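If you read the protein sequences in the order shown, they are chains A and B. Everything in the first sequence is counted per our numbering, starting at 1 for the first residue and increasing by one. Everything in the second sequence is counted per our numbering, starting at 1001 for the first residue and increasing by one. Have a look at the structure below, then the notes.
Protein chains: 2
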Amino acid sequence: MASRSRLMPIVQSARRPAVQHIPRPVNLKVVASAVASARQENSHCLNLTQSGARHLSSTPVRCAAGAIKLTSEAYPNVKRDERFARVTPEDVAFFKGVLGSGSAVLDGVTSDAADDIAPFNEDWMRKYRGQSRLVLRPQTTDQVSRILKYCNDKKLAVVPQGGNTGLVGGSVPVFDEIVLSLGRMNNIISFDEVSGVLVMDAGVILEVADQYLAERGHIYPLDLGSKGSCHVGGNLATNAGGLRLLRYGNLHGTVLGIEAVLPDGTVVDELSTLRKNNTGYDLKQLFIGAEGTIGVITKVAIQCPQRPKAVNVAYFGLESFEHARRAFREAKSQLSEILSAFELMDGRSQQVVQHFTGNTNPLDGDHPFYVLVETSGSNGEHDYAKLEAFLEDVMGKEIVQDGVVAQDETQVQTLWKWREGVPEALAMVGGVYKYDVSIPLEEMYKLVEDTKARAEEAGLLFEDLTQTEPNAEHPILAVVGYGHMGDSNLHLNVSTRTYDKRVEKLLEPFVYEWVQKRKGSISAEHGLGIAKKNYIGYSRSDTMVNLMRQIKNLYDPNGIMNPYKYI
Amino acid sequence: MASRSRLMPIVQSARRPAVQHIPRPVNLKVVASAVASARQENSHCLNLTQSGARHLSSTPVRCAAGAIKLTSEAYPNVKRDERFARVTPEDVAFFKGVLGSGSAVLDGVTSDAADDIAPFNEDWMRKYRGQSRLVLRPQTTDQVSRILKYCNDKKLAVVPQGGNTGLVGGSVPVFDEIVLSLGRMNNIISFDEVSGVLVMDAGVILEVADQYLAERGHIYPLDLGSKGSCHVGGNLATNAGGLRLLRYGNLHGTVLGIEAVLPDGTVVDELSTLRKNNTGYDLKQLFIGAEGTIGVITKVAIQCPQRPKAVNVAYFGLESFEHARRAFREAKSQLSEILSAFELMDGRSQQVVQHFTGNTNPLDGDHPFYVLVETSGSNGEHDYAKLEAFLEDVMGKEIVQDGVVAQDETQVQTLWKWREGVPEALAMVGGVYKYDVSIPLEEMYKLVEDTKARAEEAGLLFEDLTQTEPNAEHPILAVVGYGHMGDSNLHLNVSTRTYDKRVEKLLEPFVYEWVQKRKGSISAEHGLGIAKKNYIGYSRSDTMVNLMRQIKNLYDPNGIMNPYKYI
Ligand SMILES: Cc1cc2nc3c(=O)[nH]c(=O)nc-3n(C[C@H](O)[C@H](O)[C@H](O)COP(=O)(O)OP(=O)(O)OC[C@H]3O[C@@H](n4cnc5c(N)ncnc54)[C@H](O)[C@@H]3O)c2cc1C
Ligand SMILES: Cc1cc2nc3c(=O)[nH]c(=O)nc-3n(C[C@H](O)[C@H](O)[C@H](O)COP(=O)(O)OP(=O)(O)OC[C@H]3O[C@@H](n4cnc5c(N)ncnc54)[C@H](O)[C@@H]3O)c2cc1C
């Protein structure tokens, strides 16, 4: 029987260490091995040990390297749209006139800039590769406006690019589209400490914004594993969900204003900093989640909450998915307003992290499921009391088999890496087929089981993590599930030794059909990009798709914005 | 000096009485007069004493009655658009074919139904009166679709009407538009206790939805003084803000799905119940705040939080607006995740409530400003400790002059009436010019002062509450300010003995220019309707208005939806 003494608290913690150091409840035992494991962590190619801040480099460090297949080869059915012009030296001259000729224009048209341009052509997953020969890096909205207007007039296709961490191939060209990178539009414009409203350029890196806020007692309402690289503008463009959605809600609610540029150069000035502003249609909402298909987001105003003074993180092992579901119910009810994350990881995903980071799991033994629970609040003592009561309850009811609680900021980071390190660890292997779906909670994990069974049946699965070399017979190394359980959002990841058409056929449309049957969404938070363009019908009716096409045509009649993708 | 003993706690309370009864802190004194005042309350024409639930009747009971001027007379510049057809007996026959001939069709075209139709022609403020002769009351989406398609084909103009509590004249016809009332589409369709997602017809009354949720441990994320009458669909159509926005965010964030019908009869099926669904443009957002100008909302899916187990309400008197601002800062920082409302009322507004309800204010003496603070959380003991520490702090720092804390559910209601009773009490007088604006917090109250000074200068103000009879010389009885301070949202109300063009001239465009100068919003939460149609330019650029017109034309090319209003 799970007993309370089996709960190993590493300790109560505060992300802002100055505040709320709470005396440890005497009857909870600190287990040394768990603390030790925090120290053992090392990077193993992964950028997981950046001290203090969780970080992801935008140029992925990979053990398994190798060239990425051109998207045009991987998707032979997608043909270049010949309505689009090809970039000429005259075009380049125009852009240099707008941007200056320094590093703002990476010009592979009139010179050899292949190396400079390569990272802009390749996506984070190393699954998609475009053939752009021109990258533009404006610094002002006016420059963006002049660029887009020119491209629209000349029918030059454009791909807006933020931090290039997108997981659906949306941020890189398919053919020779011009890359419009927002990376140099990265100023924080203003912050109001009373209202909590932050205004900034679209190219500000999420983690930079959050650290800026941390120094001012506030927190960015969004948090992703990719925070060290992704842009706040890219987050809006993808309507990113992430780790704090459960607590702070989605971007449709927290974004107060945007500035954006339409293909014809029109600047959409909706940079309101008001919490309430009911004066006409809320057009900014269309840009949130539009994945760069109707315009370029150039500025963002967002409502930021007070930074919680105390953050507690617990990490559990559980016997079954049903137990995780029960734990979630209890957490929602008992932790209520201080619950800030409830993340699910299956046992396999934790083995993968352990294997590729070399870290020791803080819990003894193998558990079929793991859950990370985070609370954030203004009073550490109160929060800890609530968490403790919750832990006692779920241990007492044998919902949870084993668990640890972080004792300080470092341990908070350590525990989070068992969740946030999953995508990075999986990416070490070779290729990952990623499915980011919403499914009604009861059936959420069944998709992983059914997919695994399918891979086994097809004889494609060989689960030896030490064997990462290409293996023609058994391309699949692991079928894992993890995700934001609090939002019914599962990440099904099929990790392969190398991208393989047989695997893709095994998975698609199988996964989409499976999700459609449960009235789920084929894209919970990552978006459509090129990866899911053809599958939108599994989540949306023809009527809806037609209405969406109307919007696309309204704003981008020439179709120059991020073509071959989305709808 | 304000001392801690001057804080008169009526007591800590729980909206759900079964839970969390916390022992009273011994050193806080219960003052009898405050408790007594709760008992003295009586209705005085106002519907303020409904026990248990705060309620507003949809047919306003008024002391000062009298016929409402026709909108067409009050706005002589607005002419009937002759592109629209007039309703014929054949049209009525068609609608009876769709809806049946019972109470679903109030037919003033082929019969005398003036009395039945009157309430649908008149708005809650008794400021706008239309001349419709036909009210349609469908029960299904299919009926709505057939009605709209017919109207669109025949160019018959339509006004969607929810609970008819809107404050900008948007919900009633201007001329002979057909009223499409949602009142009979009022079923709750489903509720998921784990995810908290509620799905219902658009015509469900807000308070009914909230009570349904209360029985299931959840809470509707929106709360308005008009909750007893307004519809959840009307709330979406106006993007209502209200009392809980501070805590639970806005409808753009909390609404997960809608079903709506376009003028051509197309059913927009976006009734997703998923928390995350990034599959294409988020078109539902356009309907939130569209005030019935592009289609009719027929169903709503919304994310509902766990109902707080403990609710505490405190009511303060303060010396100045600056003190209220400081109190807000402290509340935000100290109460953080449990702060659920921070409402401001000026001294005058409380005098008006006192006068028209006959209730005794819970605080001794007159204070220039009053604030209502509400906390909601999962643990009454923790919440009360936080509130107490906050109260001690603001009393100690002399930010607050005097205060009471509610002791039970009844007292929570009693204190809330001092806030929620303001619009109703003002409406007792005669006419109220209502301005609902967002202004940067520092200057929020200055608008009231400047407006009052202007009224005094013009010699139009005579502040004797006992004199409510029309007074040609001094039409203005009171200039008051109150509102959602937590959202920088001020309600400036100018209470007149009778609607008077001189007052309107004094106020408009003065108020709008004033707000524009501070980059505020001329409509924070009430919307544009007919009242603010001509003033949108004060909050939005021509470019934005043109982009909005594009959307209107896209969905409603014949302009039949709620004409003469909005943009
Ligand atoms: C390790 C890891 C963890 C992740 N975790 C999460 C997660 O928890 N939740 C989640 O939702 N996502 C997650 N992601 C996916 C990704 O980080 C998000 O989609 C992120 O919001 C993308 O931001 P970006 O700046 O990198 O955009 P990019 O990848 O550069 O672009 C994404 C899309 O947005 C468009 N775009 C970018 N910037 C703009 C702009 N300024 N204007 C218009 N269009 C623009 C692009 O054209 C493209 O279609 C994760 C990714 C990684 C690698
Ligand atoms: C005492 C009082 C207090 C109030 N407090 C607040 C407050 O705190 N915050 C706030 O924001 N508002 C407040 N209001 C204003 C009002 O209650 C809100 O605007 C409310 O959301 C209107 O809902 P309703 O159902 O009454 O809509 P109605 O008044 O019937 O209609 C409002 C508008 O929405 C359109 N509409 C209604 N239903 C639909 C539908 N199903 N589909 C399409 N269009 C539709 C109408 O055409 C109209 O343009 C208050 C009003 C009163 C009288």
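Beta carbons are placed, not taken as given, at the ideal position from N, Cα and C, and that holds for glycine. Model, not experiment: these values are computed from the prediction.
Let me know if residue i comes out buried or exposed under the rule of 16 or more other beta-carbons within 10 Å of its beta-carbon.
i, result
"I1189 (chain B)", "exposed"
"K417 (chain A)", "buried"
"D223 (chain A)", "buried"
"R83 (chain A)", "exposed"
"L56 (chain A)", "Any reading at L56 (chain A) is ruled out, since the residue's pLDDT is 33, under 50, leaving its predicted position unreliable."
"A1014 (chain B)", "Residue confidence for A1014 (chain B) is low, a pLDDT of 29 falling below 50, so the modelled location carries little weight; the figure read from the coordinates is stated next. A1014 (chain B) is buried by the Cβ-count criterion."
"S1320 (chain B)", "exposed"
"G1459 (chain B)", "exposed"
"P76 (chain A)", "exposed"
"D1366 (chain B)", "exposed"
"E1322 (chain B)", "exposed"
"N1278 (chain B)", "buried"
"K501 (chain A)", "exposed"
"K565 (chain A)", "buried"
"T1496 (chain B)", "buried"
"E343 (chain A)", "buried"
"P563 (chain A)", "buried"
"L28 (chain A)", "Below a pLDDT of 50, predicted positions are generally treated as unreliable, and L28 (chain A), at 25, falls in that range; the measurement from the model is reported next regardless. Under this definition L28 (chain A) is a buried residue."
"R1054 (chain B)", "Note on R1054 (chain B): pLDDT 33, under 50, position unreliable in the model; the coordinate value appears next. It counts as buried."
"E73 (chain A)", "exposed"
Return the Cβ separation of residue i and residue j in integer angstroms, given the expectation that the two are a contact with Cβ distance under 8 Å.
i, j, result
"L1136 (chain B)", "L1180 (chain B)", "5 Å"
"A1301 (chain B)", "V1405 (chain B)", "With a Cβ gap of about 37 Å, A1301 (chain B) and V1405 (chain B) do not count as contacting."
"A260 (chain A)", "V204 (chain A)", "With 8 Å as the limit, A260 (chain A) and V204 (chain A) do not qualify as a contact, their Cβ atoms being about 15 Å apart."
"N250 (chain A)", "G257 (chain A)", "N250 (chain A) to G257 (chain A), Cβ: 16 Å. No contact."
"F316 (chain A)", "D402 (chain A)", "7 Å"
"E337 (chain A)", "E1337 (chain B)", "5 Å"
With hydrogens ignored, establish whether the beta-carbon of residue i is closer than 7 Å to any heavy atom of ligand 2.
i, result
"I1297 (chain B)", "yes"
"S1226 (chain B)", "yes"
"S229 (chain A)", "no"
"S1171 (chain B)", "yes"
"K1238 (chain B)", "Before going on, a small fix: residue 1238 (chain B) reads as Thr here, not Lys. Correct: T1238 (chain B) has its Cβ closer than 7 Å to ligand 2."
"T1141 (chain B)", "no"
"E1082 (chain B)", "no"
For a test of your reading of the model: does the CB of residue i fall under 7 Å from any non-hydrogen atom of ligand 1? Yes or no.
i, result
"W124 (chain A)", "yes"
"L148 (chain A)", "no"
"N164 (chain A)", "yes"
"V480 (chain A)", "no"
"G529 (chain A)", "yes"
"E159 (chain A)", "What sits at residue 159 (chain A) in the sequence shown is Val, not Glu. Correct: V159 (chain A) has its Cβ closer than 7 Å to ligand 1."
Closest by CA to residue i, which one among the options?
i, options, result
"N1312 (chain B)", "B:G1280, B:Q1407 and B:S1336", "B:Q1407"
"L1387 (chain B)", "B:S1349, B:G1358, B:S1333 and B:T1360", "B:S1333"
"F191 (chain A)", "A:L167, A:A214, A:M185 and A:V432", "A:A214"
"F287 (chain A)", "A:V98, A:Q143, A:I551 and A:P305", "A:I551"
"V194 (chain A)", "A:L426, A:A478 and A:Q303", "A:Q303"
"G233 (chain A)", "A:L477, A:G196, A:T165 and A:S349", "A:T165"
"I530 (chain A)", "A:L547, A:T110, A:T266 and A:G130", "A:G130"
Residues within the region 1321–1349 of chain B neighbouring chain A, beta-carbon criterion of under 8 Å: R1325, F1328, R1329, K1332, S1333, Q1334, L1335, S1336, E1337 and I1338
Cβ-based contacts, 9 Å cut-off: residues of the region 1184–1217 of chain B near chain A: D1192, E1193, V1194, S1195, G1196 and G1217
Chain B contacts made by the region 275–301 of chain A, where a contact means CB separation under 7 Å: R275, K276, N277, N278, T279, G280, Y281, D282, L283, Q285, L286, I288, G289 and A290
Chain-ordered residues of the region 1526–1540 of chain B with a beta carbon less than 8 Å from chain A: H1526, G1527, L1528, K1532, I1536, S1539 and R1540
Members of the region 238–272 of chain A that neighbour chain B once the beta carbon cut-off is set at 9 Å: T238, N239, A240, G241, L245, L246, R247, Y248, G249, N250, L251, H252, G253, T254, V255, L262, T266, V267, V268, D269, E270 and S272
Residues from the region 353–386 of chain A in contact with chain B, defined by Cβ distance under 7 Å: G377, S378, N379, H382 and K386
The region 1423–1442 of chain B: positions lying closer than 7 Å to chain A by Cβ: S1438 and L1441
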